[in-house]
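Student: So the sequence shown is residues 225 to 813, counted in the working numbering. Think of the CB as a built atom: it goes at the ideal place given N, C-alpha and C, for glycine as much as any other residue. The structure displayed is predicted, hence computed values, not measured ones.
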Amino acid sequence: MILPDKFRDQCSPTYLKAIDELELKLENINIREKCNTAIKNVLAKIRRVILSFAENYLTPKQYWEYWMSYFVDYAIFYTELKEGCLEIAIIAKTAYFHLYYNKEWNAVDYWNYAYEEILQAYSEKYIKVTDFQNKHYLERGFFKKDYQEYVVTEKDLQYPHDFLKECFHEFESEASCLPSKKLIKRYNEMLEFYPRIKAAESGDIEKWFKLLLEVDDIDFVKDNVECRLGQDLLDIQLWKLYFAFLKEKKQYKTLLETYSKYCRFFLDDKEMLEEYKQEMIENGPIKLEWKNLFDFEVGNNFEEEKEKFLTVDTKLKLAFDKKIVGGFYNSTSAQNFYFRQTIIFYLLKNANHRILRKLFSCCKYFFAKMQTPICYHLESSSMETFKNERLTLHSSSKLECLFKNTFLTGVIDIENLNPHINNFMSSIIPFLYRCEAKHISLEKQNLTFNELKFLIQHGNVVDLRIDGCEIKDEKNEYIILEDIIKYLPNVEILTLPNIKTTANTGHALAKQKFNGKLYDVFIQTIYGEPFDADEFLDFLKDNRDPEMLTCEIFFNPNFNADFVEKLQKIMKDYEDSNENCDILVDFND
């Protein structure tokens, strides 16, 4: 039996009879075909039997998983990659109509090179669930650049999910202009909602449902409720909460579709069937794809039946008024505002980049008085382009023509395009007015510590990746770790080149005020003196992301070996006691 006994025991007698017929047909396929080498024929028969049942009844998740597992086990027999991907899409798309959503089907490793076919299962509808729909593709975009990347958009930041922070970082670091305050406000609100909703999942169903409502997103409520129903079709309380919600929000199409599914699972619930009929009369009709239509439902003859449902009053209400009433008011009276010059200069001098944008856009006088062009995204590439607030340079760009007192506000992403030029970022800094970039990525760029401070001293950096760079002070020495960290109270991703530690490093780090939640730390090479290993671990424990911490630290081969061994043991013990922790401490060979 595919369906568990516990589930079967709660099914209505009529539905259970249909299930027994389905199970018998699937069992007969296995008996007759178990020695048959024509596996594709077996898969085709399983497909026909399950889809035939699904055309008449709401189908539990176990049968979709059965079909998918059978397909994946014998996927090697599909010589055509396209054909295999389309098969996955058919299973996933049909299962989703039956309220079953399986995020793992987005990550079937057999089909790494055919994303479009796999995602076709869900492409018609963006699914807003707390377990982020496209997490798998976003992760591959981060770490495996040979795969297709998922492009984060504003819609990914509008509801609570487990990959929200990563989506925001990706969106912010790839944007061509500053994200709006409205979007950032919504993101911060959703960030707080996620843990509350997850905490309520295993408890009182009504409390969980009320939290979904607080998000104030109808699609979010729909998707999460339907996905939860797909995990347990027998949850009567959730079905009824959902019906009440759809009625209140006047989501009549979804309401009638949901009734049609409910009545094809709870086959003996005559009271609900009568309620469904009344709702269809009041708010229908809608087109349904079921084969076993009730007498009050409509199928392919939707347009004909629709006319029968529409009363004269309804038709009058639907009539379109083509009258266009409008007017234009042309007023060009001059603005005679008076400001003291000192107030204007005070505003300009102390305004953040958001205020400056507004001042510059409302009157060119402000820009004339303070010529500080704003650049949100600065990057290097093989081409020189400018789009919105995104400036792309190449190694031979004439900086004096492109920069003049420029205000960098969002992203710096400078790669080493020319192995003979490692001071490209350093040559840009003299042309900058101020830097408040939150995402900074530098590859093989040499900077003085003062130049680095210019980029990070505003304190709002959340992602700092200095890879293969050389950063030294005026004495030509590597920078002490805590002297860099003190400018990074909000950092979450941190990659540092060669740095130095002192006997005071552990204590200094433990004392520093830190707001960020570190989840990715990499230090290329540490020189200098041993420090307090326990205090260093306390710093990591106090300031790490509770969901995940990846930390890789490498020491110069000449560093004190006894200390490194002690730190390795302390870090290993901590890693072993935390499942969501990956730490490596070693010498840099």
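If you drop the 5 nearest sequence neighbours on each side, which residues of the same chain put their C-beta closer than 8 Å to that of residue 584?
Tutor: 590, 591 and 598
Student: With a cut-off of 8 Å, do at least 3 Cβ pairs link the region 385-404 to the region 423-435?
Tutor: no
Student: Shortest alpha-carbon distance to residue 666 belongs to which of 627, 687 and 485?
Tutor: 687
Student: In chain order, what residues of the same chain lie with their CB nearer than 7 Å to the CB of residue 810, ignoring the 5 residues before and after it?
Tutor: 778
Student: Quick one: using the 10 Å Cβ neighbour count with 16 as the cut-off for buried, is residue 552 buried or exposed?
Tutor: With a pLDDT of only 35 at residue 552, under the threshold of 50, the placement of this residue in the model should not be trusted; the figure read from the coordinates follows. Residue 552 should be labelled exposed.
Student: Report the rounded CA-to-CA distance for residue 679 versus residue 661, giving the unit in angstroms.
Tutor: 7 Å
Student: Considering only residues of the same chain and omitting the five flanking positions on each side of residue 476, which have a CB-CB separation below 6 Å?
Tutor: 507
Student: With distances taken from CA atoms, which of 709, 738 and 610 is nearest residue 625?
Tutor: 610
Student: Residues in its own chain within less than 7 Å of residue 503 by CB, not counting five upstream and five downstream?
Tutor: 479, 480 and 483
Student: For residue 761 versus residue 795, is the C-beta spacing smaller than 8 Å?
Tutor: Between residue 761 and residue 795, the CB-CB gap stays under 8 Å.
Student: Could you spell out the range, first to last residue, of the alpha helix (DSSP H) harbouring residue 266?
Tutor: Unbroken alpha helix (DSSP H) run through residue 266: 263-278.
Student: If you draw a straight line from the C-alpha of residue 608 to the C-alpha of residue 641, how long is it?
Tutor: If I take the Cα positions, the gap works out to 13 Å.
Student: How many Å lie between residue 233 and residue 243 at the Cα?
Tutor: 12 Å
Student: What's the gap between the Cα of residue 391 and the Cα of residue 376?
Tutor: 6 Å
Student: Could you give the C-beta distance for residue 488 and residue 684, rounded to a whole number, given that I count them as a contact under 8 Å?
Tutor: About 54 Å; that fails the 8 Å criterion.
Student: Per the DSSP calculation, residue 601 is bridged to which residue(s)?
Tutor: 614 and 635
Student: Following the continuous beta strand (DSSP E) through residue 696, name the residue where it begins and the one where it ends.
Tutor: 694-696
Student: Closest to residue 752 by C-alpha separation, out of 725, 637, 717 and 325, would be which residue?
Tutor: 725
Student: Less than 8 Å separating the beta-carbons of residue 266 and residue 246?
Tutor: no
Student: Rounded to whole angstroms, what's the CA-CA distance from residue 714 to residue 324? Just pull it up for me.
Tutor: 40 Å
Student: Runs of 4 residues minimum, wholly inside the region 418-450: which ones carry the alpha helix (DSSP H) assignment?
Tutor: Runs found: 429-438.
Student: Cα separation between residue 716 and residue 263?
Tutor: 50 Å
Student: Kindly provide the ranges of any alpha helix (DSSP H) runs that are 4 or more residues long and lie completely inside the region 477-517, ordered along the chain.
Tutor: 494-507
Student: Along the chain, where does the beta strand (DSSP E) containing residue 328 start, and where does it finish?
Tutor: Run containing residue 328: none; DSSP gives neither H nor E here.
Student: With C-beta atoms as the reference, is residue 702 less than 8 Å away from residue 681?
Tutor: no
Student: Within 10 Å of its beta-carbon, does residue 804 have 16 or more other beta-carbons around it, so buried, or fewer, so exposed?
Tutor: Under this definition residue 804 is an exposed residue.
Student: What does the alpha-carbon distance come out to for the pair residue 371 and residue 469?
Tutor: Low per-residue confidence applies at residue 371: pLDDT is 42, beneath 50, and the placement is therefore not dependable enough to give any value.
Student: Applying the criterion that 16 or more other CB atoms from any shown protein chain within 10 Å of the CB defines a buried residue, is residue 579 buried or exposed?
Tutor: exposed
Student: Sort out for me which residues DSSP pairs residue 724 with in a bridge.
Tutor: Partner(s): 704 and 751.
Student: How long is the line joining the alpha carbons of residue 314 and residue 775, rounded to whole angstroms?
Tutor: 41 Å
Student: I need the DSSP call for residue 745, collapsed to helix, strand or coil.
Tutor: strand
Student: Specify the secondary structure class of residue 685 as computed by DSSP and reduced to three states.
Tutor: It is coil, neither helix nor strand.
Student: Hey, quick one: how far does the beta strand (DSSP E) through residue 778 stretch, first residue to last?
Tutor: 773-779
Student: Can you grab the Cα-Cα spacing for the pair residue 548 / residue 406, in whole Å?
Tutor: Any reading at residue 548 is ruled out, since the residue's pLDDT is 40, under 50, leaving its predicted position unreliable.
Student: Counting only the same chain and skipping the five closest in sequence on each side, list residues whose C-beta sits under 8 Å from that of residue 291.
Tutor: 270, 271, 274 and 315
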